[in-house]
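Have a look at the structure below, then the notes.
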Amino acid sequence: MKAKLYYMGIKSRCMNRKGYWIVKHIKDKIFFVLKRKIYIIKKHLSDLKDKTPLKNRILIETIKQIIMAVIILSIFYGLDFLWRFRDQILPNGHLILRFSLPNLDFSDFSTLLSSALIAMLGVTGVFLGLYFSNMATVYSSRYANAPSKVRILFENETITNKGIKDIIQFIVICCISLFLIQIDKTPAFFTTSFLFYLGIQNVVAFARIGKRSFRFSDVSDIATPVYMNICDEMKLCCQNQFLSNDPSFQNHHYKQVADHFDTLSKICDYYIDSQELKGISILNFTRNNIKILGEYWSTKNLIPYNSKWFPTILKYKKWFTAKSYEVQIALKTGTSIQNEEEQDIFWFEKNVFAINKKIIKQLINSKKYDALYEYLINLKNLPYNAIKGNSLSFFLNELEYLQNELLTLVDKDISDCNPNIPALFDALMLLYVEVVLGIQRYYSEYSFDNEFSEVINPPVSFAICPSANSAEMHSFLLKLDLEKVINDKQITPSWYIRQQIAKADYEKLIKSLHSIQNIYSDIAPSFAEQLIVKEKYAEALVVISRIAEIKSKCDYALDTLVPLVRSLQNMHIDKEDTWEEWTEEQFAAKIEMVATKLPDLWVRASVSFTFENINDLALYPDMLGHCYNVFCDSLIDTITSDRLDVFEKIFSRFLPIVALYHEITRKEIIEKRREYNDSYILHLIAAPFLEYCTICGYALIWGAITNNNNWKRTIESNFMKFLEAKKENKKEVLKYLIDVIKITADALPGISERDLLRSSWEIRINGAIKNCSTAHVIHDHWGHHYYKTDDAVINAFLRGKWDHNLADNAYEVFLNLFVNPFVDEDDRFYSKFKWENKIDERKK
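Residue numbers (the working numbering): 11 to 854.
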């Protein structure tokens with residue numbers, strides 16, 4: 011450690027001298043010129059090789075192999091010579107070295123060695139002939155009509171060529187060794203050991219390349235070297251090194267990768283045109299594409315924003331954006347305005363997904379939905395890297411493309427006979443969930459202090475910091491450097507520097523929040539609406555069920571993102587520098603708007619799906635049950651948060667779902683009545699109507715507590731509409747409702763799992779009532795208190811109750827207010843504690 015510090019001290023002192031940099035500059039220039047000359051010579055030899063006749067090339071290769079074999083054998087024969095005369099060479103003191111090798115006379119084994127070499131040569135020749143015969147068969151069946159780039163990849167496959175080269179080298183060495191044995195130049199220990207090692211290596215090489223030859227029947231496998239080359243070029247351009255920031259090298263890496271993508275595209279086209287598409291095989295192709303894209307996105311933010319890695323493309327210019335002199339010149343010359351140039355920062359991604367899109371279309375046309383499903387699952391690791399590489403908008407556009415492809419797929423009316431179709435929609439919605447989670451994960455690792463330190467004090471002068479990788483930040487930092495040079499100190503206050511860096515991070519964060527909002531409030535609901543219009547209810551229900559999960563993940567992400575937004579907004583001191591306005595209230599309002607859309611989607615999809623598959627519901631997930639439970643939880647949530655407008659829209663569609671769910675539940679339970687006891691069956695059958703009355707009771711109590719009669723009017727109007735539809739048998743329906751609820755009213759709690767769920771609802775309602783600021787509390791004797799309202803029924807119900815059971819048996823309120831008046835007195839429902847008898851007394 012001390013030596014290292016001493017060396018670093020000497021180096022730092024040398025770096026402070028002008029001569030050090032002069033010498034370094036000369037050295038770097040010499041090395042660069044040498045590398046350039048070597049590259050030119052190699053390229054010239056490669057071009058010359060292509061022009062050389064085959065006969066001459068064979069002769070040159072033979073001479074090279076013979077020279078290499080002579081050099082190798084000369085080395086080992088030299089070692090043999092040293093071994094033979096070790097007694098004269100090594101001093102007497104080194105006895106271990108002198109006798110560590112066996113004292114054998116190999117001249118006695120020359121015949122045996124010759125026979126062994128001849129046998130190995132014979133076996134090698136047979137293996138080599140069989141291998142080339144097999145490769146010729148593969149070539150003729152797979153690559154004879156392939157594009158030239160595909161054939162060249164097959165011919166120049168690295169591992170196979172290296173193995174064949176080693177085998178040919180072994181044959182040449184064996185031939186020369188046999189010649190030396192014939193002229194009484196018998197090898198000794200080292201050469202013999204080396205020859206036997208080559209023989210073993212020969213067997214291993216044949217096993218390796220022989221096994222690999224079977225893989226060449228799959229055309230996509232020959233793309234492996236191309237992917238390796240893309241990764242190498244990509245790393246050279248993305249890493250923070252001096253040459254990676256040179257425009258010439260950047261453009262060179264771009265051209266190389268663009269050529270590799272052209273090769274991959276030709277391989278893909280040829281593979282698809284061969285009409286032998288295999289799902290698993292082609293997935294290896296897409297899997298490699300996804301892998302290199304993930305690696306690229308993880309380092310893309312280290313590429314300079316003005317790098318020649320991003321090609322320049324022409325874009326049609328609008329007349330209203332043209333400058334006055336451009337318009338004048340165009341009108342004077344009779345030409346159009348000149349096109350404008352812009353960097354194509356997504357060229358790499360476009361090439362990757364262009365190949366994948368060809369495969370997706372082919373998978374859809376060939377109905378390989380299992381392979382398409384696996385492709386969608388393989389995409390789940392990309393969202394986090396897309397955010398890291400500032401490519402989230404591009405990834406969302408690709409998801410929109412997949413969404414449109416799936417919509418086109420269901421138009422073919424095949425989803426009813428293929429259960430894999432809904433799974434594709436589920437996998438796509440999971441990708442949207444992963445986007446939200448990816449955003450949360452990225453910003454949970456974010457630290458402004460680290461970003462600030464990297465921008466102000468980069469590890470090296472040419473290092474790229476993601477936060478400063480933009481034209482605005484680059485210009486700002488150049489001005490800071492110029493300021494330090496001119497004034498020998500920093501004049502710009504630190505808070506202003508922090509504000510500029512925070513602004514760049516803030517803009518990216520707001521874009522991420524807009525993406526979350528767009529996914530939840532626009533993309534997912536409109537997707538479900540399109541499926542319902544197309545009458546694809548199974549797929550629509552899959553999408554709708556995932557919307558609730560997206561909402562949960564949005565809430566989870568906001569716990570991380572909102573404090574971060576506030577901390578960045580606190581750094582906005584200079585108000586003249588405008589930032590995009592964002593408030594949590596506006597964002598929450600847009601998110602909550604979805605709550606008014608979902609009930610209609612749930613009802614339309616779940617009811618239609620239930621009736622379509624009424625006889626086969628056991629084959630599908632319980633979507634109607636999912637819809638019913640989502641409605642219940644949403645209604646409880648709207649009550650506790652006092653959102654009457656949302657409650658009205660959800661509640662207006664609630665009763666039809668309750669009636670249908672009750673009927674479906676009754677039918678299924680009766681079919682399986684032997685599996686349950688009678689009491690449990692009755693509780694399950696009664697649960698939907700009991701919970702409907704309970705939720706209505708909660709709303710009535712909450713409306714009375716908050717002095718808002720609109721809650722009661724909402725319950726009354728919706729229930730009256732239901733009774734008007736049942737004019738002919740209104741009394742029978744209400745009597746049935748009372749009889750069903752009486753089943754559970756007289757039973758012990760805890761028999762059904764739904765009892766625990768209803769208890770959790772009651773706890774939420776009780777908590778909301780206790781925290782209600784508008785509640786009128788009357789304090790009685792002995793520390794007891796009760797709630798006073800303008801509703802005599804609610805007063806009678808609440809009187810004598812404690813805070814922990816205010817909403818207990820809330821269904822009794824609804825039944826007494828809206829059901830009992832329409833049935834005969836003998837059929838009416840009476841509460842457990844007969845509180846309804848005290849209503850007139852409470853009025854007084």
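Glycine is no exception: its CB is placed at the ideal position from the N, C-alpha and C atoms.
For N361, the CB contacts under 7 Å within the same chain, skipping 5 residues up- and downstream, are F271 in chain order. Taking C-alpha positions only, Y87 is separated from Y385 by approximately 58 Å. Closest in alpha carbon position to K328, among A340, L131 and K318, is A340.
DSSP, read as helix, strand or coil, puts L324 in strand. Linking F180 to E359 through their CA atoms gives a straight-line distance of about 45 Å. As DSSP reads the structure, V787 sits in a beta bridge with Y797. Of the residues N819, L827 and T345, the one whose Cα lies closest to the Cα of F843 is N819.
Counting along the chain, the unbroken alpha helix (DSSP H) around E415 starts and ends at L402 to V420.
For the pair of segments examined, the stretch 762 to 780 was found to touch the stretch 648 to 661: the number of CB pairs separated by less than 8 Å reaches three. Across the set F189, Y280, K159 and M483, the C-alpha of M483 shows the shortest separation from the C-alpha of P314. Distance from the Cα of T322 is smallest, within the candidate group F295, Y335, K301 and D354, for D354. Between I804 and L710, the C-beta gap is smaller than 8 Å, which places the two residues in contact.
For I292, same chain residues with a beta-carbon under 6 Å away, outside a window of 5 residues either side, are I369 in chain order.
The three-state reading of DSSP puts E590 in coil, since its state is none of H, G, I, E or B.
Taking a C-beta distance under 8 Å as the contact criterion, L519 and V445 do not qualify as a contact pair. According to the DSSP assignment, Q450 belongs to the alpha helix (DSSP H) that extends over N430 to S454.
Distances from the CA of N391 to each of W712, T201, Y442 and D532 were compared; the closest alpha carbon is that of Y442.
Of all alpha-carbon atoms in K371, D269 and W319, the one lying nearest the alpha-carbon of Y411 is that of K371.
Judged by beta-carbon spacing, S616 lies within the 8 Å limit of M633, meaning their Cβ atoms are closer than that value.
Note on E738: under 16 other CB atoms within 10 angstroms of its CB, so exposed under the neighbour-count rule. By alpha-carbon distance to T72, the top candidate from I186, I51 and A478 is I186. R764 is positioned such that its CB atom lies closer than 8 Å to that of A697. It is roughly 52 Å from the alpha-carbon of E336 to the alpha-carbon of G29.
The stretch 690 to 773 is shown to contain whole alpha helix (DSSP H) runs of 4 or more residues at 720 to 735 and 740 to 755, in chain order.
Here D749 is exposed, its C-beta having fewer than 16 other C-beta atoms within 10 Å. Within the same chain, and ignoring the five residues on either side of F832 in sequence, the residues whose Cβ sits closer than 8 Å to its Cβ are L733, K740, K741 and L744. Excluding sequence positions up to five before and after R508, its CB lies within less than 7 Å of the CB of F462 and M581, all in the same chain and listed in chain order. Look at E545 here: in three-state DSSP terms it is coil, with no helix or strand label. N294 is positioned such that its CB atom lies no closer than 8 Å to that of G399. Separation of L645 and Y702 (C-alpha to C-alpha, rounded to the nearest whole angstrom) is 10 Å.
Residue pairing by DSSP puts Q353 in a beta bridge opposite T322.
Put simply, the stretch 827 to 841 does not touch the stretch 712 to 719. Fewer than three CB pairs are less than 8 Å apart.
Per DSSP, the unbroken alpha helix (DSSP H) holding P393 starts and ends at L392 to K398. When K513, L92, L190 and D90 are compared, the shortest CA-CA separation from D584 is found for K513.
Contact between E772 and A806 does not hold, since their C-beta atoms are separated by about 19 Å, which reaches or exceeds 8 Å.
Residue state for C782 is assigned as coil, using DSSP reduced to three classes.
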